[in-house]
Amino acid sequence: MRWLALNPFIIVFSLLLSWSTMAETIYPLHVVDGLGNTVILEKAPTKISSKTLFTDAVLLELVDKEQLSSFTDLANNPNYSAIKDILPKSIPLLALNVEMIIANRPDLVFAANWSDASKLAIIESAGIPVYRIQTPNTLKEIETEILRVGDIVNRRLAAERVIENMQQRLQQEVILPKKRLTALDYNPWGTSSGQDSTWDEVLKQANLNNAIEGLVSDKYGQVPVSKEMVIALNPDILFIPAWVYGDEKGADKFKQDVLSDPSLQSVNAIKEGRVYQMPHVLRSVYSQYIIDAILFVNHSAYKKL
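Here it is in structure tokens:
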């Protein structure tokens, strides 16, 4: 009778054990990377080198810091890294330095699909597997890539928890407006991000319309935007840089130029005082921290309405 009383517990425990086993990655693992190359891992990697900001952010939530042989040299840069404030000091920061990476002998290197192919080939010739990340643009692509990284490093459940947290934050914190406003990404070099860009995805998730939606963009998702076009588009909101590479005062000067330009005074964003400087770390993010970018844009647009 006592055995029968314990039966429900045993059944539940067995189900949990089965689920845990199902969630584990089976090695040897053959996986196709972002450039279509087959990467073979004989066993779960225990010494991982990250050479993308995306995998810096994702791996920090998936594996123990002792498993991380190095991160990118930008991981502690406040203009590029979303993990600067939580970055363990024990993780070495290293650019795509072939000699040092080989000397570290990681089990696996994560690199970007646009990383120097010749350098990656040398690393591979030393017997170190390299997985090239396909840079994601949309929220769905980011989630898919997080799960893929989770599978590769045998941390599927941890990857799923990262995504659950992303979705929960969107559901709980995004403001749903009565009327959607139109926003424009405007910068000193005269371009704006259009379709097939991460910025376009950020606007959609933040319940904003992209002022240049439908305009033809180049292979980088950029659309030329002149001052005359800004006037014609007449956006409700302008998002401008909070930082300009190589020019310490460039962002503030650009903001003053935009706000004081006589020809732009008829633009709704300027008339209504809706010109916002966006931190570059949020403007360029493409990891799970895209949620911070979405919330920044959404709250800038709608929190005071």
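Residue 258 in the UniProt record's numbering sits at position 258 of the sequence shown; the count goes up by one each step and never skips. Ideal placement from N, C-alpha and C gives every residue a C-beta, glycine not left out.
Host alpha helix (DSSP H) of residue i (start-end)
{"i": "Leu203", "result": "198 to 205"}
{"i": "Ser118", "result": "117 to 125"}
{"i": "Arg148", "result": "139 to 152"}
{"i": "Ile102", "result": "98 to 104"}
{"i": "Phe296", "result": "290 to 302"}
{"i": "Ser281", "result": "In the sequence as presented, Ser is not what sits at residue 281; that position holds Val. Run containing Val281: 280 to 283, per the alpha helix (DSSP H) assignment."}
Three-state class that DSSP yields for residue i in the structure shown
{"i": "Ala158", "result": "helix"}
{"i": "Met22", "result": "Unreliable positioning characterises Met22 in this predicted model, as indicated by a pLDDT of 45, which lies under 50. The coordinate reading is nonetheless provided below. Looking at Met22 - three-state DSSP - the assignment turns out to be helix."}
{"i": "Asp252", "result": "helix"}
{"i": "Pro188", "result": "coil"}
{"i": "Arg132", "result": "strand"}
{"i": "Ala183", "result": "strand"}
{"i": "Ala269", "result": "helix"}
{"i": "Gln168", "result": "helix"}
Residue of the options minimising C-alpha distance to residue i
{"i": "Ile237", "options": "Tyr186, Ala57, Ile133", "result": "Tyr186"}
{"i": "residue 325", "options": "Leu181, Ser49, Gln67", "result": "Past the edges of the chain, shown from 1 to 305, lies residue 325, and the structure says nothing about it."}
{"i": "Tyr289", "options": "Leu29, Ile26, Leu53", "result": "Leu53"}
{"i": "Ser192", "options": "Leu305, Val153, Glu173, Ser226", "result": "Ser226"}
{"i": "Ser263", "options": "Ala232, Val244, Tyr302, Ala126", "result": "Ala232"}
{"i": "Leu74", "options": "Gln67, Leu87, Leu68", "result": "Leu87"}
{"i": "Lys140", "options": "Asn154, Ile152, Trp243, Gln167", "result": "Gln167"}
{"i": "Gln277", "options": "Lys204, Ser217, Leu184, Leu208", "result": "Leu184"}
{"i": "Asn234", "options": "Val281, Ile212, Pro224", "result": "Ile212"}
{"i": "Val149", "options": "Ala111, Ser115, Leu120, Lys89", "result": "Ala111"}
{"i": "Ile48", "options": "Leu93, Lys271, Thr38", "result": "Leu93"}
{"i": "residue 331", "options": "Asp116, Asp196, Glu24, Pro106", "result": "Lying before the first or after the last residue shown, residue 331 is absent from the chain, which here runs from 1 to 305."}
Contact belief for residue i with residue j at Cβ below 8 Å, rounded distance in angstroms
{"i": "Thr135", "j": "Tyr286", "result": "6 Å"}
{"i": "Ile133", "j": "Glu145", "result": "7 Å"}
Bounding residues of the beta strand (DSSP E) (the contiguous stretch that carries residue i)
{"i": "Leu93", "result": "Leu93 -> no beta strand (DSSP E), and no H or E assigned at all."}
{"i": "Phe239", "result": "237 to 241"}
{"i": "Val223", "result": "222 to 224"}
{"i": "Leu108", "result": "108 to 112"}
{"i": "Leu305", "result": "Careful: Leu305 lies outside any beta strand (DSSP E) and carries neither H nor E."}
{"i": "Val32", "result": "29 to 32"}
{"i": "Leu68", "result": "68 to 70"}
{"i": "Leu215", "result": "Looking at the DSSP string, Leu215 is not in any beta strand (DSSP E), and its letter there is neither H nor E."}
Inset, instruction - Only counting runs of 3 or more residues, tell me where the beta strand (DSSP E) segments fall wholly within the stretch 35 to 63, in order along the chain. - result: The qualifying runs are 38 to 41, 48 to 50.
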